Each structure stands twice: as C-alpha cells, then as structure tokens.
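**Student:**
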Amino acid sequence: MSLPSRLDRAAFLARFAAVWEHSPWIAEGAFDRGRGATEDTAEGLHAAMVAVMRAAADPAKLALIRAHPDLAGKLAAAGRLTAESTGEQASAGLDRLTDAERAEFMRLNEAYQARFGFPFILAVKGRSKDEIRDAFIARLRNDPAAEFAEALRQIERIALLRLKDLLP
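Residue numbers (the numbering used here): 12 to 179.
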C-alpha cells in the first residue's frame, strides 16, 4: 500500500476523491496543500481534508451536503448509489427494509428535504435501522442552522470511516 504522502496527484485522487461523496474538490485541495507523514494515517489525512472542507464557502458546503443520497431512498432502490454508500447503507440493514419501513423512510426523507432543502445525512455504519429512524425523527425538530452544521459533522464522520477502511 502506497502512503498518501508518496502518491502523485492522479494516484492520490484515484484513491481518495470518493471519500467525500461526489466532491473530489476536497481531495484536490488536500493534495494541493501538500502532504507529509502526518497525512499518512486515516486521522491525519482526515484532518487535512476537513480543513479544506471547513474553509469552503457555505454554497460549496451546501453542494457537498446535497451530493449525498437519501437514506434508503430512490437512488438506493434503483441501484444507483456509489459503492461506498451502498456498503454503508447495507451495513445498517437499509437494503433489507420491509415495505412499511421503506415507506416510512421515504416519508421521512421527503419531510426532511422539505424542511431543510437538503438530504438527511447520518454516518450509518454501526447503527441499526431503528437508531437511524429515531435520529431522523429527532433531527427533524432542529432549526436549519443547527441541522446544516450537523449534516457537515456527519459528513466528516463518514469521511473518517471511509479513510479508516483505506489507511492505517
């Protein structure tokens, strides 16, 4: 396994651009800032990438949030999720919902999207479908600014979990 600090731009992006759902600009920014031994661990590279994301303007952050799919939504039903999202949702049992559970998730997705203007984001790895549903319901009560911040925190968590699958 080649360490991130030793990869050229093309290899770095091929390996890490997908960590941030349909948002390669974060990996590009981390590469452009330079890498050293600190970025050769999941936590170190994550910190560098999070710095790029946090430095972005709110419209770029909103685009990052909107790049994520609904949980157990239409893209999942159509088999059009990224490999990373497919695996994460499957690990939480979202690919094995009953018809009633799927209908509830669709209703929650629609209510959340209507309230906040972006999809519900949750790092689902290691969670049950009931925990996910409960988080959905609780977060629908948040105000928009708090939920925007929470969506970004969840995206950061998703990225860290993905990096831990790729690096020591």
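Don't be surprised by glycine CBs; every beta carbon is placed ideally from N, CA and C. This one's a predicted model, so the numbers in the text were calculated from it and none came from an experiment.
Round the Cβ separation of residue 98 and residue 140 to the nearest angstrom and send it over; I've been treating them as touching at under 8 Å.
**Tutor:** What you label residue 98 is simply residue 87 of the sequence shown in a count that begins at 1. What you label residue 140 is simply residue 129 of the sequence shown in a count that begins at 1. Not quite, the Cβ-Cβ distance comes to about 15 Å (not below 8 Å), so this is no contact.
**Student:** Would you decide whether residue 121 is buried or exposed? Buried here means 16 or more other CB atoms lie within 10 Å of its CB.
**Tutor:** As a working mapping, residue 121 is identified with position 110 in the sequence shown. Residue 121 comes out exposed.
**Student:** Are three or more beta carbon pairs between the segment 18–30 and the segment 143–163 nearer than 8 Å?
**Tutor:** The segment 18–30 is not in contact with the segment 143–163.
**Student:** Just verifying my parser: in three-state terms, what is the DSSP assignment at residue 32?
**Tutor:** Walking along the sequence shown from the start, residue 32 turns up at place 21. Of the three classes helix, strand and coil, the one that applies to residue 32 here is coil, per DSSP.
**Student:** Would you check if there are 3 or more beta carbon pairs closer than 8 Å linking the segment 125–132 to the segment 158–176?
**Tutor:** Short answer: they touch.
**Student:** Return the CA-CA distance between residue 81 and residue 131, expressed in angstroms with no decimal places.
**Tutor:** Against the sequence shown, residue 81 aligns to sequence position 70. Against the sequence shown, residue 131 aligns to sequence position 120. Straight-line Cα distance between these residues: approximately 6 Å.
**Student:** Taking the alpha-carbon positions, what's the residue 47 to residue 59 distance?
**Tutor:** Position 36 of the sequence shown holds residue 47. Position 48 of the sequence shown holds residue 59. Each residue's Cα considered, the two are about 10 Å apart.
**Student:** Roughly how many angstroms lie between the CA atoms of residue 63 and residue 69, to the nearest whole one?
**Tutor:** Here residue 63 refers to the residue found at position 52 of the sequence shown. Here residue 69 refers to the residue found at position 58 of the sequence shown. For residue 63 and residue 69, the distance between alpha carbons rounds to 13 Å.
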